[in-house]
Amino acid sequence: DQQVKQNSPSLSVQEGRISILNCDYTNSMFDYFLWYKKYPAEGPTFLISISSIKDKNEDGRFTVFLNKSAKHLSLHIVPSQPGDSAVYFCAASGRAGGTSYGKLTFGQGTILTVHP
Amino acid sequence: NAGVTQTPKFQVLKTGQSMTLQCAQDMNHEYMSWYRQDPGMGLRLIHYSVGAGITDQGEVPNGYNVSRSTTEDFPLRLLSAAPSQTSVYFCASSYSLGGYGYTFGSGTRLTVV
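Taken in sequence, the protein lines are chains G and U. Just so we're aligned, residue 1 is where the first sequence starts under our numbering, counting upward by one. Just so we're aligned, residue 1001 is where the second sequence starts under our numbering, counting upward by one.
Have a look at this one:
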């Protein structure tokens, strides 16, 4: 049972345009949601996170939106740059004190390609 | 500041052999984890530690052992390697949980033949 799903295996966008990466989850006990970026032969790098008490968090070109009722989150990258080309993973963990607190459940990843 | 260091980077094992994947961090992080990445499946949690002497199982713990004798080190032991353990293994650490992202090492690519 995949609790965190990224249904788009790949996304291709033009440099300067917006990239929107989507993620769905099924476990209502998740309390924190994170996005990671991964280049080949490297470990994932933390990008941005959001708590379930918020619906938006912004950091520079990256914005994460959370829709709790739909159990859906998205990562917006504006403007997209060729250096953003990588695999993007969404991840979730449970609330403090719960058995899944700090244990990340990852989606399958989406390959983003930004064309010059 | 080296961050999270994993050794070796590559390893080939024969079925039935045992080995230890090393992980060390120099950031004084309390929380450390091991994940494996397989094609099309994202990363899955193997074992987890909230501090020296305390470990917990993740989603796919079978065939692996861990111990945490110091804050800095969190080795992962494969007891009797199987082809199903062919994967890329990542160690990660964090000073806090929740929305504070883990710092990942660069990975160990393991092939079991």
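Glycine included, C-beta positions come from ideal geometry on N, C-alpha and C. None of the values given here were measured: they were computed from a predicted structure.
Please specify which runs of the beta strand (DSSP E), each continuous and at least 3 residues long, are wholly inside the stretch 1009 to 1092 of chain U, giving them in chain order.
-> Whole beta strand (DSSP E) segments, 3+ residues: 1010 to 1013, 1019 to 1025, 1031 to 1037, 1043 to 1051, 1054 to 1057, 1064 to 1066 and 1076 to 1078.
Minimum C-alpha distance to Phe33 of chain G - residue among G:Thr113, G:Asn67, G:Asp84 and G:Gly83 | When each option's Cα is compared against that of Phe33 of chain G, the closest is G:Asn67.
Given that Lys37 of chain G touches chain U, what residues does it touch there, using C-beta distances under 7 Å?
-> Within chain U, no residue comes near Lys37 of chain G; the closest Cβ sits about 11 Å away, beyond 7 Å.
How many angstroms separate the CA atom of Pro1061 of chain U from the CA atom of Asn7 of chain G?
-> Separation of Pro1061 of chain U and Asn7 of chain G (C-alpha to C-alpha, rounded to the nearest whole angstrom) is 26 Å.
Quick one: what's got a C-beta closer than 7 Å to Thr1070 of chain U's C-beta in the same chain, skipping five residues either side?
-> These residues qualify, in order along the chain: Ala1052.
Endpoints, the beta strand (DSSP E) within which Arg1109 of chain U is located = Counting along the chain, the beta strand (DSSP E) containing Arg1109 of chain U begins and ends at Thr1108 to Val1112.
Length at least 3, wholly inside the stretch 14 to 63 of chain G: the beta strand (DSSP E) runs in chain order | The stretch 14 to 63 of chain G is shown to contain whole beta strand (DSSP E) runs of 3 or more residues at 19 to 25, 30 to 38, 45 to 51 and 56 to 59, in chain order.
Chain-ordered neighbours of Gly43 of chain G on chain U, where CB pairs are closer than 7 Å | Those are Phe1090, Phe1104, Gly1105, Ser1106 and Gly1107, listed as they occur along chain U.
Does the beta carbon of Tyr1095 of chain U come closer than 7 Å to any beta carbon on chain G?
-> So no, Tyr1095 of chain U is outside the interface.
With a Cβ-Cβ cutoff of 7 Å, do Leu47 of chain G and Phe30 of chain G count as a contact?
-> The Cβ-Cβ distance between Leu47 of chain G and Phe30 of chain G does not fall below 7 Å.
Which one or two residues does DSSP pair with Ser1096 of chain U in a beta bridge?
-> Beta-bridge pairing links Ser1096 of chain U to no other residue.
Roughly how many angstroms separate the alpha carbons of Lys37 of chain G and Ile111 of chain G, rounded to a whole number?
-> Answer to the nearest angstrom: the Cα atoms are 10 Å apart.
Partners in chain G for Met1019 of chain U, counting only beta-carbon separations shorter than 7 Å = In chain order: nothing, as chain G lies at least about 20 Å away.
What separation, rounded to the nearest whole angstrom, lies between the Cα atoms of Gly83 of chain G and Ile18 of chain G?
-> Computed Cα separation, rounded: 14 Å.
Return the CA-CA distance between Leu1045 of chain U and Val78 of chain G, expressed in angstroms with no decimal places.
-> When rounded, the distance between both Cα atoms is 31 Å.
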